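Protein chains in written order, with the working numbering: chain A, 1 to 322; chain B, 323 to 644.
By construction, the Cβ of each residue, glycine as well, lies at the ideal position given by its N, Cα and C atoms.
Keep in mind it's a predicted model, so treat the numbers as computed, not measured.
To start, the structure itself, in structure tokens.
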């Protein structure tokens, strides 16, 4: 039995787990990501986290032989480099992820974008285990995704695949079609799924239609008001969910995944959102896709850690020079 | 050097070509598809076409050793069966394509959907030759497509992938957003790309806005009027092209293909459509995709025949019992 380390590095926290070849997380640990301290500091802290896990493993007689890291940003999986990244982590673009971790830990390392890692984890040992292909759609602060076919995340020609939040949604146009005003999107464009369906979009949409002194402070508050029967909140949430479901259904018509896994804070907000989302998705599906399963991710699972570990298992278990 | 037969079987015509391992069509022939005569008659006629090509090849000292067929309909590429099909070919669903052609010709046979064959042909020896991945979008009577990664068309879990015309487009809503009236789509749904961007959609949109005695008789007439400066035609064509380009740009953000090939009668209608399409696509692209190439298919090429032949080359060159 092989053992590897899987890492999930995001803008706020970094999780790592010791994972066995059969897809179990044996022990895990997490630290806040030092997102304002620069790439070297983040790599140092991540390596410390890994070495601590390895010591715990060795105390139990287990030796990990490789590292996989899923990281925020566009990641060149072949060279192990951060191609580009948002401001969530200062100075992250250009970081030599695999080289940096290999030098610090002495273990072979491989890297991938964190959403692709998440999808790979769901495909390997999560909500989509046993399926030949899975479309993951993550709905939270942004709307992202990944399409895994035969256990391989489709990373794209520029490692930029998976931006499922950045295509046009009729719901992202204000009471009017493409000839009218489109909601601005985080990408700089407008009229995209993310501009209507993300958590911040839900908050923004709600606060625009209620009196200022009744504004919600965060997305969860909008969900809570919707659950309590607030009509404006109900409308905003169901519209965001319908936009997401319509996008998922249309994407399924194009990709024909065996199963769709929907994850993220917005997706986990409750049945009001989930039911509106699945209704809109079903309305969109072609007859050939009528049996498509759309399932929630298990929020308690370490899917991204598992996916990063799965990738590490593709490496030869050879120690590199440290 | 191996030689195989590639077949492109559509609702109106069936083309076949003798193709060499290096991607050249050495000779080709075509017949009308006997679309109303039933599956057995179509298979008989197709086999006759193949045997005629083989005799021509043998006269030149060339022996073809396998057959690939790209066919209209949803094709189970593993079992070589037509899963479902439109009315364009009567009784086509359920046809055992590969068994039927193997029994009639004595050659090993493999099958795939015709749009996937087309994309594979463009990827192998056409407009996208040398690219690691290609998104083909075909805009004609319908809007279809295929995504080829590393020379493999992504057929989907149910062999239903590629319905790129059946996702929501803001342009397919009448002067209003998702809360308003959506244009009906050929799939039975509404508000889809195909409902605004296909050839019939262009004709229909135009004839709705002009006086009945000025109606156009076909899509080409609408293009001709647009080229001559007819304002209604210009608006309809540019709107259809923008819907298509917006869809292509959004899809590229999700799939990150190295190159996009756009084919079909509408795509070949001229610079008015093409320029509006590429403008809309560019407006949609994320910065990471800024270098995306969007190129026209070569309408004179036998891309689908080539793609079907490429698939035949994956078969062992073994004669099956006839």
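Check: Just the Cα atoms here: how many angstroms apart are residue 610(B) and residue 76(A)?
Finding: The residue labelled residue 610(B) in the question sits at position 288 within the second chain. The residue labelled residue 76(A) in the question sits at position 76 within the first chain. The straight-line gap from Cα to Cα measures roughly 12 Å.
Next item on the list: Note down, in chain order, every chain A residue with its Cβ under 9 Å from the Cβ of residue 480(B).
Entry: What you label residue 480(B) is simply residue 158 of the second chain in a count that begins at 1. The contacting residues are 256, 258, 288, 289, 291, 292.
Notebook entry, point to check: So, is the C-beta of residue 186(A) closer than 8 Å to a C-beta in chain B?
Noted result: As a working mapping, residue 186(A) is identified with position 186 in the first chain. No, because no Cβ of chain B sits closer than 8 Å to the Cβ of residue 186(A).
Checklist line | Local conformation of residue 282(B) per DSSP, three classes | finding: With chain B covering 323 to 644 only, the question about residue 282(B) has no answer from this structure.
Margin query: With a threshold of 8 Å between beta carbons, is residue 476(B) in contact with chain A?
Written below: In the second chain, counting from the first residue as 1, residue 476(B) sits at position 154. Yes, its Cβ sits closer than 8 Å to a Cβ of chain A.
Note to self: Please classify residue 284(A) as buried or exposed, where buried requires at least 16 other C-beta atoms within 10 Å of its C-beta.
What the structure shows: Locating residue 284(A) in the first chain gives position 284, where the first residue counts as 1. Residue 284(A) is buried by the Cβ-count criterion.
Check: Within 8 Å (strictly less), CB to CB, does residue 573(B) reach chain A?
Finding: Reading the second chain from its first residue, position 251 is the one you call residue 573(B). Residue 573(B) counts as touching chain A.
Check: Which partner residues of residue 435(B) appear in the DSSP bridge assignment?
Finding: Locating residue 435(B) in the second chain gives position 113, counting from the first residue. BP columns for residue 435(B) point to 393(B).
Note to self: At the level of alpha carbons, what is the spacing between residue 176(A) and residue 493(B)?
What the structure shows: One-based indexing of the first chain puts residue 176(A) at position 176. One-based indexing of the second chain puts residue 493(B) at position 171. Interpretation of residue 176(A) is limited by its pLDDT of 43, a score under 50 that renders its predicted location unreliable; no figure is taken from the coordinates.
Check: In three-state terms, what does DSSP make of residue 20(A)?
Finding: As a working note, residue 20(A) is residue 20 in the first chain. It is a strand residue.
Checklist line | N-terminal and C-terminal residue of the beta strand (DSSP E) that residue 330(B) is part of | finding: In the second chain, the residue the question calls residue 330(B) occupies position 8. Residue 330(B) -> beta strand (DSSP E) spans 325-331.
Notebook entry, point to check: Using Cβ-Cβ distances below 9 Å, what residues of the segment 230-246 of chain A are close to chain B?
Noted result: 239, 242, 243, 246
Note to self: Between residue 483(B) and chain A, is any beta-carbon pair separated by less than 8 Å?
What the structure shows: Counting from one through the second chain, the residue named residue 483(B) turns up at place 161. It does: the Cβ of residue 483(B) has a partner Cβ on chain A nearer than 8 Å.
Item checked: For residue 6(A) and residue 105(A), the rounded distance between their alpha carbons -> Numbered from its first residue, the first chain carries residue 105(A) at position 105. Numbered from its first residue, the first chain carries residue 6(A) at position 6. C-alpha separation (whole angstroms): 13 Å.
Notebook entry, point to check: Looking only at DSSP bridge pairs, what is residue 141(A) linked to?
Noted result: For the purposes of this step, residue 141(A) is taken as the residue at position 141 of the first chain. In the DSSP assignment, residue 141(A) forms no beta bridge with any residue.
Notebook entry, point to check: Of all the CB atoms in chain A, is at least one closer than 8 Å to the CB of residue 545(B)?
Noted result: The residue given as residue 545(B) occupies position 223 in the second chain. At a cut-off of 8 Å between beta-carbon atoms, residue 545(B) makes no contact with chain A.
Note to self: Taking 7 Å as the limit between beta carbons, can you name the residues of its chain near residue 483(B), skipping five residues before and five after?
What the structure shows: For the purposes of this step, residue 483(B) is taken as the residue at position 161 of the second chain. Excluding sequence neighbours, residue 483(B) sits near 476, 477.
Note to self: If I measure Cβ to Cβ from residue 352(B) and keep anything under 6 Å in the same chain, skipping five residues before and after, which residues do I get?
What the structure shows: Position 30 of the second chain, counting from 1, holds the residue named residue 352(B). Excluding positions up to five away in sequence, the list reads 335, 337.
Next item on the list: Closer than 8 Å by C-beta to residue 624(B): which residues in its own chain qualify, once you throw out the five before and the five after it? Chain order, please.
Entry: The residue you call residue 624(B) lines up with position 302 of the second chain. Cβ within range, chain order: 328, 330, 337, 339, 347, 350, 443.
Next item on the list: Can you give me, in chain order, the residues of the segment 449-473 of chain B that have a beta carbon less than 7 Å from any beta carbon in chain A?
Entry: 454, 455, 471
Checklist line | Three-pair Cβ contact test at 8 Å for the segment 190-203 of chain A versus the segment 125-140 of chain A | finding: yes
Item checked: Per-residue burial, residue 584(B) [other beta carbons within 10 Å of its own, 16 or more giving buried] -> As a first step, residue 584(B) must be located in the second chain, where it is residue number 262. The residue in question, residue 584(B), is buried, as its Cβ has 16 or more Cβ neighbours within 10 Å.
Next item on the list: Could you confirm whether any beta carbon from chain A is found closer than 8 Å to the beta carbon of residue 325(B)?
Entry: To locate residue 325(B), count along the second chain from 1; it is residue 3. No, residue 325(B) lies away from the interface with chain A (no Cβ there is under 8 Å from its Cβ).
Next item on the list: Throw me the rounded Cβ distance for the residue 166(A) and residue 575(B) pair, which I believe falls under 8 Å.
Entry: Within the first chain, residue 166(A) is the residue found at index 166, counting from 1. Within the second chain, residue 575(B) is the residue found at index 253, counting from 1. That pair is a contact at about 4 Å.
Next item on the list: Measure the CB-CB distance between residue 434(B) and residue 633(B) and report whether it falls below 8 Å.
Entry: Here residue 434(B) refers to the residue found at position 112 when the second chain is read from its first residue. Here residue 633(B) refers to the residue found at position 311 when the second chain is read from its first residue. For residue 434(B) and residue 633(B), yes; Cβs fall inside 8 Å.
Next item on the list: Since I believe residue 3(A) is in contact with residue 62(A) (beta carbons under 8 Å), could you give me their beta-carbon distance rounded to a whole number of angstroms?
Entry: Position 62 of the first chain, counted from the first residue, corresponds to residue 62(A). Position 3 of the first chain, counted from the first residue, corresponds to residue 3(A). Between residue 3(A) and residue 62(A) the Cβ distance is about 5 Å, and since that is below 8 Å, they are a contact.
Notebook entry, point to check: In chain B, which residues lie less than 8 Å from residue 194(A) when you measure between Cβ atoms?
Noted result: Your numbering for residue 194(A) matches position 194 in the first chain. Near residue 194(A) there are no residues of chain B at all, since even the closest Cβ is about 11 Å away, more than 8 Å.
Checklist line | Per-residue DSSP class, three states only, for residue 299(A) | finding: As a working mapping, residue 299(A) is identified with position 299 in the first chain. Three-state result, residue 299(A): coil.
Notebook entry, point to check: Excluding sequence positions up to five away, which residues of its chain have a Cβ less than 6 Å from the Cβ of residue 646(B)?
Noted result: Nothing can be reported for residue 646(B): it is not among the residues displayed for chain B, which extend from 323 to 644.
Next item on the list: Please confirm whether residue 357(B) and residue 410(B) have their CB atoms less than 8 Å apart.
Entry: The residue you call residue 357(B) lines up with position 35 of the second chain. The residue you call residue 410(B) lines up with position 88 of the second chain. Yes; because the gap between Cβ atoms is below 8 Å, this pair is in contact.
Notebook entry, point to check: Taking Cβ-Cβ distances shorter than 7 Å, what residues in chain B pair up with residue 164(A)?
Noted result: As a working mapping, residue 164(A) is identified with position 164 in the first chain. Those are 576, listed as they occur along chain B.
Notebook entry, point to check: Distance, Cα to Cα, residue 108(A) vs residue 100(A)?
Noted result: Looking up residue 108(A) in the first chain gives position 108. Looking up residue 100(A) in the first chain gives position 100. Their Cα atoms are separated by approximately 11 Å.
Item checked: Where residue 315(A) falls: helix, strand or coil (DSSP) -> Against the first chain, residue 315(A) aligns to sequence position 315. Reduced to three states, the DSSP call for residue 315(A) is coil.
Item checked: Backbone CA spacing between residue 147(A) and residue 579(B) [nearest angstrom] -> For the purposes of this step, residue 147(A) is taken as residue 147 along the first chain, with counting starting at 1. For the purposes of this step, residue 579(B) is taken as residue 257 along the second chain, with counting starting at 1. Each residue's alpha carbon lies about 13 Å from the other.
Check: Does any C-beta atom of chain B lie closer than 8 Å to the C-beta of residue 284(A)?
Finding: Counted from its first residue, the first chain places residue 284(A) at position 284. Yes, its Cβ sits closer than 8 Å to a Cβ of chain B.
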